[in-house]
Amino acid sequence: MSHLFLTETHLHTSEASACASASGAQQADQYKKLGYDTIIVTDHFFNGNTTVDRTLPWEKQVDLYCLGYENAKKRGDEIGLNVLFGIEYTWTGTDFLIYGVDKEWLKSYPDTMQISVQEFCDRVHAAGGAVVHAHPFRERNYIHELKFIPQYTDGVEGYNAGNGSTVMDERAVWYAEQYGFPITAGSDCHHIGGDSHNPGVFFGVYTEERINDISDYVAVVKEHRIAGLKL
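If you're matching positions, the sequence shown starts at 282 in my numbering and goes up one per residue.
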């Protein structure tokens, strides 16, 4: 069997996600020790549980938002871990993992917080990016309804270690299968040791090709080339 490459698709840093305790550098160290080849930092965006002061000028907000990723990448470069940029975008309790855009893209759209989720997804797709519905059947006290936009979705996070519930994952896989979406897996890691709802458990995706750039991961998702899941 040929070597498969392991990618974490969903993690948070304390620099930008208010609910995280692990810094970008600590996350890089943790995932290097766990044997991952690549991690994608997906901090909570400004419509989620962010640490960023929303009264600041837009460019400053974006700079602060990207700090966790940049600190993780700096450490990753030192220890031989590939670190890529992503976003967890929230639509009133419904979360989407955004891949294929970057800091300069964000800075070019200062009206991002004033547009609809549909227009946001259209912009992501116009930039060549991908939208993956994160933990679509998660049940928490802050989630008041389940919402879906399959016509704007490229994939579904069928397995999320932070759910801490197999039934939530089973429902997510069912949704993906109904629409023929590729199924991904992510740890939703906020802390050293994983997510507080399921400590010590780490998920990810395997690919036959090394993921060097975020566009590589976007292509893997859109072309249904995920080789397996780490669960």
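Built from N, CA and C at the ideal position, the CB exists for glycine as well.
Every value quoted in this text rests on a predicted model; they were computed, and no experiment measured them.
With a contact defined as Cβ atoms closer than 8 Å, F286 and D318 qualify at about 4 Å. Rounded to the nearest whole angstrom, the CA to CA distance from Y498 to Y380 is 8 Å.
Excluding sequence positions up to five before and after Y423, its CB lies within less than 7 Å of the CB of G374, all in the same chain and listed in chain order. Residue range G509 to K511 is occupied by the beta strand (DSSP E) that includes L510. The Cβ-Cβ distance between T290 and T332 does not fall below 9 Å. Looking at the backbone, the Cα of N352 and that of G445 are separated by about 28 Å.
Rounded to the nearest angstrom, the Cβ distance from Y487 to G467 is 13 Å, too far for a contact under 8 Å. Per DSSP, the continuous alpha helix (DSSP H) segment holding D403 begins and ends at V398 to A407.
Residue burial annotation: G349 is buried, with at least 16 other C-beta atoms found within 10 angstroms of its C-beta. Between S298 and H471, the CB-CB gap stays under 9 Å. Between the alpha carbons of H505 and P463 lies a distance of about 6 Å. Excluding five sequence positions before and after A500, none of the CB atoms of its chain fall closer than 6 Å to its own CB. Between the segment 440-455 and the segment 469-484, the count of C-beta pairs closer than 8 Å reaches three or more; the two stretches touch. The residue from E400, S496 and Y440 with its alpha-carbon nearest to that of Y370 is E400.
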